[in-house]
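S.K.: A single structure is presented below for examination.
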Amino acid sequence: MYLMLDVGGTEIKAGVLDEHGSIQGGIRHFSSNAKADQEAVLDHFSMIIKEMAGRWKGASIDGIGMAFPGPFDYERGISLMQGLDKYDSIYGISIEEEMKKRTDFLQDTIFCFLHDVEAFALGESWFGEGREAGRLLCLCIGTGTGSAFIENKKVIKEKTEGVPDHGWIYNLPYRDSIIDDYLSVRGLLKISREITGTELNGKELYERCLEQEEKALLVYHRFGEELNRCMCPFLDAFHPDCVVLGGQISKSFPYFGEVFKKECEKRNTRVCLEPETSARAMQGLFVAMSH
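Each residue of the sequence shown is one higher than the last, beginning at 1 in the UniProt record's numbering.
This is the structure:
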């Protein structure tokens with residue numbers, strides 16, 4: 001079996017996968033403890049691993065996968081996050097070494113670390129909506145703009161036609177700043193402030209849209225215009241067969257995504273929505289470890 005953790009700033013989700021990449025027994029949710037001191041953070045990771053493994057007594061652990069946001073040294077399993085109000089205390093620490101120190105049964109276990117959006121994209125291309133797509137573009141809009149480009153079930157990391165360095169679009173110039181300032185929670189809050197006079201978050205806007213409140217609908221319409229303007233150049237340069245929008249904001253896609261969906265349809269590109277990214281991220285970790 002494979003034990004997977006999707007490590008976020010507010011929550012850690014954990015799951016156990018079988019040898020086919022199917023999630024067994026559902027996904028467990030734990031608080032992140034992301035602002036705690038070094039020992040507390042590492043002990044918390046170890047506790048989650050032990051608790052998940054304890055549910056499957058007698059089964060051997062073939063691998064442990066951990067998906068993290070960046071900045072992070074994924075090859076060495078070392079967090080490089082600083083000044084982001086999460087995981088500052090484990091900067092420069094080898095997580096694999098620390099887990100093996102704390103957990104006897106992991107001594108010979110393989111560890112794999114992936115960028116959370118890359119893991120999600122891999123999971124989508126092997127197990128999700130993108131499994132029939134030769135070219136897949138995954139976009140996760142949250143605290144920032146997460147992106148990954150896939151061709152023939154492999155993540156493209158080198159800069160090539162239609163694909164920026166690492167497949168990351170967040171830091172590309174856009175308007176007076178970068179894409180990250182527009183396709184993100186803070187981008188949505190900024191539009192909300194301009195139109196409603198107050199910063200309504202995605203959930204609040206969604207609830208108001210259900211009531212057909214005019215200003216809330218206008219906020220999402222404007223956000224959709226930004227999405228379209230940001231993403232059409234990638235549709236034209238990369239020519240994806242499928243675009244997957246991941247994360248909670250995808251639930252509101254009917255209110256902001258119609259223009260973008262039409263642009264995709266013109267180019268024979270499917271648009272798929274995946275509100276819950278963790279299961280796919282865990283399957284992406286499985287792909288990275290088993291293929």
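Just so you know, even glycine gets a beta-carbon here, dropped at the ideal spot from N, CA and C.
1. State yes or no: is the C-beta of residue 144 within less than 8 angstroms of the C-beta of residue 115?
2. Could you give the C-beta distance for residue 141 and residue 184, rounded to a whole number, given that I count them as a contact under 8 angstroms?
3. Between which two residues does the beta strand (DSSP E) carrying residue 26 extend?
4. Measuring alpha carbon to alpha carbon, tell me which of 163, 230, 203 and 147 ends up nearest residue 177.
5. Does the Cβ-Cβ distance between residue 64 and residue 3 come in under 8 angstroms?
6. Please determine if the region 101-110 and the region 20-37 are in contact, where contact requires at least 3 C-beta pairs separated by less than 8 angstroms.
7. When you compare the CB positions of residue 182 and residue 193, do they come within less than 8 angstroms of one another, or not?
8. Out of 253, 274, 241 and 277, which one is the CA nearest neighbour of residue 268?
9. Tell me residue 154's beta-bridge partners as DSSP assigns them.
10. Measure the alpha-carbon distance for residue 122 versus residue 195 and round it to whole angstroms.
11. Do the CB positions of residue 125 and residue 136 come within less than 8 angstroms of each other?
12. Answer yes or no: the CB of residue 120 versus the heavy atoms of the ligand ZN, is any distance below 7 angstroms?
13. Where do the ends of the beta strand (DSSP E) carrying residue 135 lie?
14. Rounded to whole angstroms, what's the CA-CA distance from residue 59 to residue 239? Just pull it up for me.
15. Around the Cβ of residue 262, are there at least 16 other Cβ atoms within 10 angstroms (buried) or fewer (exposed)?
16. In chain order, what residues of the same chain lie with their CB nearer than 7 angstroms to the CB of residue 131, ignoring the 5 residues before and after it?
17. Compare the Cα-Cα distances from residue 154 to each of 165, 161 and 134 and report the closest residue.
18. Taking only three categories from DSSP, how would you classify residue 218?
19. May I have the straight-line CA-CA distance separating residue 260 from residue 232, to the nearest angstrom?
20. Output needed for residue 23: all residues of its chain with C-beta closer than 8 angstroms, excluding positions within five of it in sequence on either side, in chain order.
21. Answer with buried or exposed for residue 228, where buried requires no fewer than 16 other C-beta atoms within 10 angstroms of its C-beta.
M.R.: Taking the coordinates as given:
1. Here residue 144 corresponds to residue number 144 of the sequence shown, with the count starting at 1. Here residue 115 corresponds to residue number 115 of the sequence shown, with the count starting at 1. Not closer than 8 angstroms, so no.
2. Along the sequence shown, one-based indexing puts residue 141 at 141. Along the sequence shown, one-based indexing puts residue 184 at 184. Indeed they touch by this definition, with Cβ atoms about 6 angstroms apart.
3. The residue given as residue 26 occupies position 26 in the sequence shown. Taken as a continuous stretch (DSSP letters only), the beta strand (DSSP E) holding residue 26 covers 23-31.
4. Residue mapping note: residue 177 aligns to position 177 of the sequence shown, counting from 1. It is 230.
5. Reading the sequence shown from its first residue, position 64 is the one you call residue 64. Reading the sequence shown from its first residue, position 3 is the one you call residue 3. Going by C-beta atoms, residue 64 is nearer than 8 angstroms to residue 3.
6. no
7. Against the sequence shown, residue 182 aligns to sequence position 182. Against the sequence shown, residue 193 aligns to sequence position 193. Not in contact: residue 182 and residue 193 (Cβ atoms no closer than 8 angstroms).
8. The residue you call residue 268 lines up with position 268 of the sequence shown. Out of 253, 274, 241 and 277, 241 has the C-alpha closest to the C-alpha of residue 268.
9. Here the question's residue 154 lines up with position 154 in the sequence shown. Answer is 151.
10. Numbered from 1 along the sequence shown, position 122 holds the residue referred to as residue 122. Numbered from 1 along the sequence shown, position 195 holds the residue referred to as residue 195. Going from the Cα of residue 122 to the Cα of residue 195 covers about 37 angstroms.
11. What you label residue 125 is simply residue 125 of the sequence shown in a count that begins at 1. What you label residue 136 is simply residue 136 of the sequence shown in a count that begins at 1. In this structure, residue 136 lies closer than 8 angstroms to residue 125 by Cβ.
12. Annotation note on the ligand ZN: not contained in the displayed structure, which lists no ligands.
13. For the purposes of this step, residue 135 is identified with residue 135 of the sequence shown, where counting begins at 1. It spans 135-141 - the beta strand (DSSP E) in which residue 135 sits, taken as one unbroken run.
14. The count along the sequence shown starts at 1 and reaches residue 59 at position 59. The count along the sequence shown starts at 1 and reaches residue 239 at position 239. Using only the alpha carbons, I get a separation of about 43 angstroms.
15. Indexing the sequence shown from 1 puts residue 262 at position 262. Exposed, by the Cβ-count rule.
16. Here residue 131 refers to the residue found at position 131 of the sequence shown. Around residue 131: 125.
17. In the sequence shown, the residue the question calls residue 154 occupies position 154. The option with the nearest alpha carbon to residue 154 is 134.
18. Within the sequence shown, residue 218 is the residue found at index 218, counting from 1. Three-state DSSP puts residue 218 in a helix.
19. Along the sequence shown, one-based indexing puts residue 260 at 260. Along the sequence shown, one-based indexing puts residue 232 at 232. So the alpha carbons of these two residues sit roughly 8 angstroms apart.
20. As a position in the sequence shown, residue 23 is number 23, starting the count at 1. Hits under 8 angstroms: 15, 16, 17, 279, 282 and 283.
21. Here residue 228 refers to the residue found at position 228 of the sequence shown. The residue in question, residue 228, is buried, as its Cβ has 16 or more Cβ neighbours within 10 Å.
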